[in-house]
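**Q**
2 protein chains.
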Amino acid sequence: MANNSPAIDRVFHALSDQTRRAIVMRLSARPSAVGELFTPMPMALPTLLKHIRVLEDCGLVATKKVGRERICEMQPDALRATDAWLAQQRAVWDARLDRMEAYVLDLQTRE
Amino acid sequence: MANNSPAIDRVFHALSDQTRRAIVMRLSARPSAVGELFTPMPMALPTLLKHIRVLEDCGLVATKKVGRERICEMQPDALRATDAWLAQQRAVWDARLDRMEAYVLDLQTRE
DNA sequence: CCTATAGTAAGCCAAATGGCTAACAATTCG
DNA sequence: CGAATTGTTAGCCATTTGGCTTACTATAGG
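Each protein sequence line maps, in turn, to chains A and B.
All letters in the first sequence, in the order written, are residues 1 to 111 by UniProt numbering.
All letters in the second sequence, in the order written, are residues 1 to 111 by UniProt numbering.
1. Does any residue of chain B bring its CB to less than 9 Å from the CB of Arg53/A?
2. Please state if the CB of Met25/B and the CB of Val92/A are separated by a distance shorter than 9 Å.
3. What does Phe12/B reach in chain A if we use C-beta pairs closer than 7 Å?
4. Counting only runs of 3+ residues fully inside the UniProt domain "HTH arsR-type" (1-94) of chain A, write out the beta strand (DSSP E) ranges in chain order.
5. Give a yes or no on whether the minimum CB-CB distance between Val92/B and chain A is below 9 Å.
6. Would Glu56/B and Ala33/B be called neighbours here (beta carbons separated by less than 9 Å)?
7. Output the distance between the C-alpha atoms of Gly67/A and Gln18/A, rounded to the nearest integer angstrom.
8. Do Ala87/A and Ser5/A come within 9 Å of each other at the CB atom, strictly closer than that value?
9. Just tell me which of Ala84/B, Trp85/B, Thr63/B has its CA closest to the CA of Gln75/B.
10. Short of 9 Å Cβ to Cβ, which residues in the region 71-86 of chain A face chain B?
11. Anything in chain A within Cβ reach of Arg98/B, meaning under 7 Å, just list it in chain order.
12. Checking contacts by CB at 9 Å: is Asp9/B closer than that to chain A?
13. Cβ-heavy atom distance between Cys58/B and the ligand NAD below 8 Å?
14. Spatial neighbours of Ala78/B within its chain, please: CB distance less than 6 Å, with the 5 preceding and 5 following residues excluded, ordered by chain position.
15. Find out if the Cβ-Cβ distance for the pair Phe38/B, Leu15/A is shorter than 9 Å.
16. What's the gap between the Cα of Lys50/B and the Cα of Ile23/A?
17. Am I right that Val54/A and Arg20/A are in contact with their C-beta atoms under 8 Å? What's the rounded C-beta distance?
18. Please go through the same chain and pick out, in chain order, the residues whose beta-carbon is closer than 6 Å to the beta-carbon of Met41/B, but skip the five residues on each side of it.
Right under this line is the structure:
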């Protein structure tokens, strides 16, 4: 399975920060301007901007300038590859757990 | 929803590295000793050890010393919270996309 | 035109990350 | 016992990260 993807690296890294996950959660509900996202955040504006850039760079968020505001919006598709990777792993180890369970049951039956 | 979890931070961070994802993929299939994991890796042993420690610290992998080998094994449960977070976000934005679709359909019907 | 608003750019800093080498255990096997 | 195998510890290094401040641009509104 595909693992050598810089895109997956960047998405996982983007989501490894609480601030960025909070941004994603807010944008999942609806698009927002930078200032709107900023209001409840305990950090300076330029710091928040950096986080938004990280989310943009990995494709999770798209932004556009409207007047003097910058509107940020989720791009759910960017999560497909990442999501698929997790699902695949789950499938593999679930299968392994099933085989182990079958094995244990088989042992018990033979007793 | 829960976002303030250092555990989620650590799991996402652990998975943001290609080497560590490769380790997870191999361990999803079966447990392995450090040396066995090391063989195909293009890096020094101590470097690999550090990656294994990262996976251990976030609970994704458990290890035990057996003779002079250290056996590493997946701990799938550690992914539950992370997986749940992703699933929740997907649910939220899918709902949003559905509402948007309904809205567009409604507009078309009125025409 | 002038001022307030909203965002950007540049640059500094401490801590964390991912890599290395060299030296040091701890087990196993002949 | 002595040597080979398998990790492990310690320490060095360059880069990245996430935070800050200060100064600047761009648009909206009076």
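We treat Cβ as the ideally placed atom computed from N, Cα and C, and that holds for glycine.
**A** According to the data block:
1. Answer no: the Cβ-Cβ gap between Arg53/A and chain B never drops below 9 Å.
2. Their beta carbons are under 9 Å apart, which means Val92/A touches Met25/B by this criterion.
3. In chain order: Phe12, Leu15, Ser16.
4. Those beta strand (DSSP E) runs which fall completely within the UniProt domain "HTH arsR-type" (1-94) of chain A and span 3+ residues are 61-66, 69-74.
5. True, the Cβ-Cβ gap to chain A drops below 9 Å.
6. A distance of 9 Å or more separates the beta carbons of Glu56/B and Ala33/B.
7. Roughly 29 Å separates the two Cα atoms.
8. Ala87/A sits away from Ser5/A, with the two beta carbons spaced by 9 Å or more.
9. Comparing Cα-Cα distances from Gln75/B to each of Ala84/B, Trp85/B, Thr63/B, the minimum goes to Thr63/B.
10. Hits within the stretch, in order: Met74, Pro76, Leu79, Thr82, Asp83, Trp85, Leu86.
11. Before going on, a small fix: residue 98/B reads as Asp here, not Arg. Chain A residues near Asp98/B: none, gap ~12 Å exceeds 7 Å.
12. It does; some Cβ of chain A falls within 9 Å.
13. As presented, the structure is devoid of all ligands, the ligand NAD included, so that no description of it is given.
14. Around Ala78/B: Gly59, Leu60.
15. No; because the gap between Cβ atoms is not below 9 Å, this pair is not in contact.
16. Per the coordinates, the alpha-carbon of Lys50/B lies some 31 Å from the alpha-carbon of Ile23/A.
17. Contact holds; Cβ gap of about 6 Å.
18. So the list reads Leu48, once near-sequence residues are dropped.
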